[in-house]
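This report concerns only the one structure given below.
Number of protein chains: 2
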Amino acid sequence: MTAIQELFAFDAATSALDQVMGRLHWDQETMMPEGAADQRAHEVAALEELLHTRRQDARIGDWLEAAEPRDETDAARLRLLRRDYLRAVRVPADLAAELARTASRGHGIWAKARAADDPAPFLPVLGHMLQLKRDMAQAIDPEADPYDVLIEDYEPGLTGAEIAELFDGMRPRLRALRDAVLGHEGKAPALAGRFTPEAQLALTREVARRFGYDFDRGRIDLAVHPFSSGSGSDVRITTRIDEADPFGCLYSTIHEVGHAAYEQHVSDALALTRLGQGVSMGVHESQSRIFENQLGRSRAFCGWLHGEMVRAFDLTAPADADAFYAAVNRVEPGSIRTESDEVQYNLHIMLRFDLERAMIRGELDVADIEEAWNARFEADFGHRVDRASNGMLQDVHWSAGLFGYFPTYSLGNVYAGCLHAALRADLPDLDDHLAQGDPSPATEWLADRVQRHGSVPEPRAVIEQATGAPVSEAPLLDYLEAKFGALYGL
Amino acid sequence: MTAIQELFAFDAATSALDQVMGRLHWDQETMMPEGAADQRAHEVAALEELLHTRRQDARIGDWLEAAEPRDETDAARLRLLRRDYLRAVRVPADLAAELARTASRGHGIWAKARAADDPAPFLPVLGHMLQLKRDMAQAIDPEADPYDVLIEDYEPGLTGAEIAELFDGMRPRLRALRDAVLGHEGKAPALAGRFTPEAQLALTREVARRFGYDFDRGRIDLAVHPFSSGSGSDVRITTRIDEADPFGCLYSTIHEVGHAAYEQHVSDALALTRLGQGVSMGVHESQSRIFENQLGRSRAFCGWLHGEMVRAFDLTAPADADAFYAAVNRVEPGSIRTESDEVQYNLHIMLRFDLERAMIRGELDVADIEEAWNARFEADFGHRVDRASNGMLQDVHWSAGLFGYFPTYSLGNVYAGCLHAALRADLPDLDDHLAQGDPSPATEWLADRVQRHGSVPEPRAVIEQATGAPVSEAPLLDYLEAKFGALYGL
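Going down the list, the protein sequences come from chains A and B.
First residue of the first sequence: 3, per our numbering; consecutive thereafter.
First residue of the second sequence: 3, per our numbering; consecutive thereafter.
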């Protein structure tokens with residue numbers, strides 16, 4: 003075998019083992035007996051140790067040196083394998099171990115601090131984690147801005163400065179929209195009906211099917227947190243059921259179907275290779291968000307969904323589709339990111355992005371983080387944080403060292419905005435289909451323009467190739483202002 | 003770390019990875035989407051390749067050389083790790099690969115031959131497999147009888163000659179019992195009731211619980227073939243449902259609970275080590291058989307079960323517990339091993355044992371196997387084989403190269419006979435408990451005497467330590483003659 007053949011065979015096996023790890027995670031959240039948790043931790047650790055060793059295997063370096071790509075796809079695969087390899091070998095083993103230990107310890111301390119509404123015990127471990135992540139960035143690329151190095155794990159090809167410029171351009175219009183919407187009088191109508199788990203699951207499965215989820219290569223189960231897991235021919239999603247609120251099950255499923263459809267539609271030729279998965283967190287999120295929001299929460303689709311819900315749940319209120327559409331898109335004041343809506347969500351993200359970037363760059367001390375959070379929150383949201391669990395302690399990410407992850411949520415929304423504008427231009431009668439409960443023209447457009455390419459193009463390139471235009475925040479903001487302006491009569 | 007510490011850490015990780023492989027197998031048979039089969043094959047192959055490499059890791063040889071055991075448990079662990087290692091490194095890589103290829107090819111050819119009721123196309127690949135297994139035995143131990151070497155994979159510490167002597171001692175009494183029972187007039191009464199899947203599963207789960215299955219460290223799902231999977235804190239079983247015959251679901255589950263209870267009861271101190279699982283196929287089968295037959299098909303337990311089935315299924319026939327007991331233990335002529343009963347089962351096994359041993363030793367040519375099978379079948383069972391799919395093509399084992407596996411089924415029955423005699427002597431009021439649907443005195447006796455020891459003692463030793471007597475076929479035969487003599491008024 004040639005060097006590139008050996009490298010690609012090694013990559014194929016690693017990709018298959020990554021899938022095995024995904025299966026274990028899925029099992030743990032859905033099927034595993036409760037008493038098996040300790041043993042499972044050992045099983046996962048043994049597999050993770052093997053994968054860790056593989057990622058730094060010195061043969062990869064030799065193969066990369068000798069490998070000659072035959073085409074663009076080979077070149078893309080080599081580019082990603084080289085990036086993975088350099089990131090793996092440049093982080094010293096003791097630093098990697100200390101990062102893992104600190105994340106594990108940090109999670110426990112964070113959970114306690116959140117429960118006690120007291121950031122103080124969390125600050126030392128947060129400070130230690132920040133230093134470790136700075137050390138990691140320094141080890142990987144001593145010349146680069148440390149936050150830029152960390153972003154590469156989630157959204158390669160974008161710098162902190164580029165993201166800051168994008169976000170700074172969004173903030174004024176989002177603040178203004180938020181003020182206008184929340185200044186408006188009137189409350190969205192509540193739902194009334196009988197939302198049995200069986201009926202919720204039946205309708206949710208039908209909606210998943212309509213959004214293109216392939217049950218022959220996936221399955222839906224219940225779990226505490228909804229997620230999508232796996233690539234290629236085995237992409238499973240989970241959902242959860244709240245008998246008082248069927249939207250949780252329905253819309254979290256549409257969101258996860260967006261992630262899953264991306265993985266299911268990657269070209270078969272890329273399956274079980276480094277290229278055979280979604281290219282970045284941001285592009286992944288763009289698929290889940292456009293499924294959930296621009297399609298699933300559109301007026302046209304809500305008209306169809308209202309009819310289905312009347313049938314499935316003996317829904318008595320809202321009585322008409324317009325009121326139902328308003329209920330689906332209600333905007334309310336709140337402090338928690340994960341409960342937020344299309345209007346306010348990005349303000350949550352931008353706050354976190356600015357603070358974590360400043361912390362990593364050493365411009366903000368952990369001792370000052372709560373004050374900085376609360377001041378910024380009041381400026382962006384118009385009300386004060388009442389307690390730390392509704393403020394800087396609400397998210398798990400920092401305890402796990404996931405600096406650079408938050409901005410990908412809003413990048414996903416920005417990308418979704420670009421894609422939505424482009425597909426609407428290509429599909430002038432899309433609303434007619436959505437009104438029949440058929441999003442397939444849009445989901446097929448996304449499968450063809452974005453999803454099938456897997457990780458061959460870089461993240462921003464895949465969006466720009468799909469839309470034929472540079473990435474910009476404008477389409478998202480135009481869409482939000484038009485939608486919520488009409489909804490709230492602004 | 004000392005050599006033994008390094009070796010044991012390596013073993014712990016390997017044991018954990020073996021469990022991961024078990025999880026994949028369970029998932030494949032119960033949860034995996036249909037369209038994921040090809041991808042799963044790649045995932046399993048990647049993990050198997052890693053495990054294969056680990057088993058031959060040269061460091062194991064060095065560690066074994068330097069390792070100093072601190073106690074009996076260490077010594078047992080070293081003994082098994084040494085045996086595994088020598089078996090792994092002595093089989094050349096190309097022979098191992100050819101064995102895997104031939105098993106895969108052989109399975110397809112066998113399935114077609116069975117469907118066509120024509121052994122001819124299967125004979126060449128069977129002959130090739132026999133030669134490969136002889137080569138394998140020769141590579142592992144050129145001095146030993148090749149069949150004895152192969153047995154070691156399933157029932158270490160027993161030779162073909164010892165098994166032949168044991169089986170030869172059983173055959174006359176089993177043939178005589180079979181003749182007497184089948185010569186008796188009268189037919190076991192049929193079941194009448196409404197056996198819905200929900201009611202079958204509910205009763206089956208209750209019975210599993212009563213036999214000591216720990217649902218906190220396991221779960222029951224449906225699959226095409228019943229099996230038990232996993233060790234320690236994650237031991238899952240499957241069952242299947244036939245709406246016409248609730249005994250399939252009930253007794254296959256009691257059987258699998260026997261296997262699962264063995265794995266669940268191995269001492270926690272041995273978990274995720276080479277010692278943390280059942281010691282051999284034969285001892286494993288002894289647990290499943292004693293659960294299923296000596297306990298589950300006893301008159302006392304059947305009395306309780308009859309009452310439960312009347313309630314669960316509106317059972318109208320058999321009307322009384324004696325007739326129900328007869329139905330549970332009906333003996334009928336047949337040709338298929340897996341559908342056989344306590345009286346005839348071992349005759350099936352002994353036939354296969356003698357034929358496969360002769361084939362491996364070069365005393366029986368594949369061209370003569372069908373004639374040899376059919377002649378021996380008529381002598382043992384009193385009727386002729388009507389077609390090859392009811393004869394030499396009925397079992398998958400030979401196509402997969404599993405020579406030495408068959409005798410462990412009957413060794414399990416022999417061991418179960420020994421254990422049953424000993425526990426009955428220790429528990430004189432066991433029938434009072436069984437009549438209340440409570441097998442726990444027996445299952446706890448087995449957990450304490452057999453199961454908790456895992457693989458520390460050798461297979462025969464664990465039985466002899468539990469019973470205080472040498473392994474013998476006499477208790478099994480005495481039990482069968484007494485039980486079926488009474489049932490059939492012989």
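A virtual CB, placed ideally from N, CA and C, is assigned to each residue, including glycine.
Checklist entry - Around the Cβ of residue 114 (chain B), are there at least 16 other Cβ atoms within 10 angstroms (buried) or fewer (exposed)? => result exposed
Checklist entry - Which class does residue 509 (chain A) belong to by DSSP, given the choice of helix, strand or coil? => result Residue 509 (chain A) falls outside the range modelled here, since chain A spans only 3 to 492, and no answer is possible.
Checklist entry - Helix, strand or coil: which one does DSSP assign to residue 290 (chain A)? => result helix
Checklist entry - What residues of chain A sit near residue 493 (chain B), judged by a beta carbon separation below 7 Å? => result Chain B is shown from 3 up to 492; residue 493 (chain B) falls before or after that span and cannot be answered.
Checklist entry - For the alpha helix (DSSP H) that contains residue 203 (chain B), what are its first and last residues? => result 199-212
Item to check | Stretch pair the segment 244-260 of chain A + the segment 186-204 of chain A: three plus CB contacts closer than 8 Å | outcome: Taking 8 Å as the limit for Cβ pairs, the verdict is that the segment 186-204 of chain A does touch the segment 244-260 of chain A.
Item to check | Sufficient close CB pairs (3 or more, under 8 Å) joining the segment 123-130 of chain B to the segment 169-182 of chain B | outcome: no
Next on the checklist: Using a Cβ distance threshold of 8 Å, determine whether the segment 343-362 of chain B contacts the segment 376-390 of chain B, with at least three qualifying pairs required.
Outcome noted: By the C-beta criterion, the segment 343-362 of chain B is judged to be in contact with the segment 376-390 of chain B, since at least 3 inter-stretch pairs fall below 8 Å.
Next on the checklist: Quick check: the Cα distance between residue 222 (chain A) and residue 35 (chain A), rounded to an integer number of angstroms?
Outcome noted: 18 Å
Item to check | Any C-beta of chain A under 9 Å from that of residue 230 (chain B) | outcome: no
Next on the checklist: Which residue wins for smallest C-alpha separation from residue 60 (chain B), given the options B:86, B:252 and B:227?
Outcome noted: The candidate whose alpha carbon is nearest that of residue 60 (chain B) is B:86.
Checklist entry - At least one CB of chain B closer than 9 Å to the CB of residue 18 (chain A): is that the case? => result yes
Item to check | Contacting residues, own chain, Cβ-Cβ under 7 Å from residue 201 (chain A) (five flanking each side not counted) | outcome: 314 and 315
Checklist entry - Is the beta carbon of residue 478 (chain A) sitting closer than 9 Å to the one on residue 376 (chain A)? => result no
Checklist entry - How about residue 42 (chain A): is its C-beta nearer than 9 Å to some C-beta of chain B? => result yes
Next on the checklist: Taking 8 Å as the limit between beta carbons, can you name the residues of its chain near residue 97 (chain B), skipping five residues before and five after?
Outcome noted: 134, 137, 138 and 141
Checklist entry - Which of helix, strand or coil does DSSP assign to residue 196 (chain B)? => result coil
Next on the checklist: Going by C-alpha to C-alpha distance, which of B:152, B:116 and B:143 sits closest to residue 132 (chain B)?
Outcome noted: Among B:152, B:116 and B:143, the Cα nearest to that of residue 132 (chain B) belongs to B:152.
Checklist entry - Rounded to a whole number of angstroms, what is the C-alpha to C-alpha distance between residue 344 (chain B) and residue 237 (chain B)? => result 27 Å
Item to check | Nearest residue (CA-CA) to residue 232 (chain A), options A:9, A:20, A:354 and A:356 | outcome: A:20
Checklist entry - Could you check where the beta strand (DSSP E) with residue 240 (chain A) kicks off and where it finishes? => result 238-241
Next on the checklist: To test your reading of the DSSP string, which unbroken alpha helix (DSSP H) runs of 4 or more residues are found completely within the segment 35-99 of chain B?
Outcome noted: 39-57, 60-68 and 74-92
Next on the checklist: Measuring straight from C-alpha to C-alpha, what distance separates residue 310 (chain B) and residue 241 (chain B)?
Outcome noted: 19 Å
Checklist entry - What residue from B:458, B:487 and B:6 has the CA that sits closest to residue 276 (chain B)'s CA? => result B:458
Item to check | Own chain, CB closer than 7 Å to residue 14 (chain A), minus 5 neighbours either side, in chain order | outcome: Hits under 7 Å: 274 and 275.
Checklist entry - Counting only beta-carbon atoms, is residue 103 (chain A) nearer than 9 Å to chain B? => result no
Item to check | residue 450 (chain A) classed as buried or exposed, judged by whether at least 16 other C-beta atoms fall within 10 angstroms | outcome: Exposed, because fewer than 16 other Cβ atoms sit within 10 Å of the Cβ of residue 450 (chain A).
Item to check | Assumed close pair residue 468 (chain A), residue 402 (chain A) - CB separation to whole angstroms, cut-off 8 Å | outcome: Going by Cβ atoms, the distance from residue 468 (chain A) to residue 402 (chain A) rounds to 31 Å, so no, they are not a contact pair.
Item to check | Nearest residue (CA-CA) to residue 63 (chain A), options A:30, A:54 and A:5 | outcome: A:5
Checklist entry - Does any C-beta atom of chain B lie closer than 9 Å to the C-beta of residue 96 (chain A)? => result no
Item to check | C-alpha gap between residue 443 (chain A) and residue 435 (chain A), whole angstroms | outcome: 8 Å
Item to check | residue 223 (chain A) (DSSP reduced to helix, strand or coil) | outcome: strand
Checklist entry - Where do the ends of the alpha helix (DSSP H) carrying residue 478 (chain A) lie? => result Looking at the DSSP string, the run of the alpha helix (DSSP H) that includes residue 478 (chain A) is 476-489.
Next on the checklist: Output needed for residue 90 (chain A): all residues of its chain with C-beta closer than 7 Å, excluding positions within five of it in sequence on either side, in chain order.
Outcome noted: 57 and 58
Next on the checklist: Check whether chain A comes within 9 Å of residue 131 (chain B), counting only Cβ atoms and requiring the distance to be less than that.
Outcome noted: no
Checklist entry - Are three or more beta carbon pairs between the segment 479-492 of chain A and the segment 285-293 of chain A nearer than 8 Å? => result Taking one beta carbon from each stretch, the segment 479-492 of chain A and the segment 285-293 of chain A have fewer than 3 pairs nearer than 8 Å; the two do not touch.
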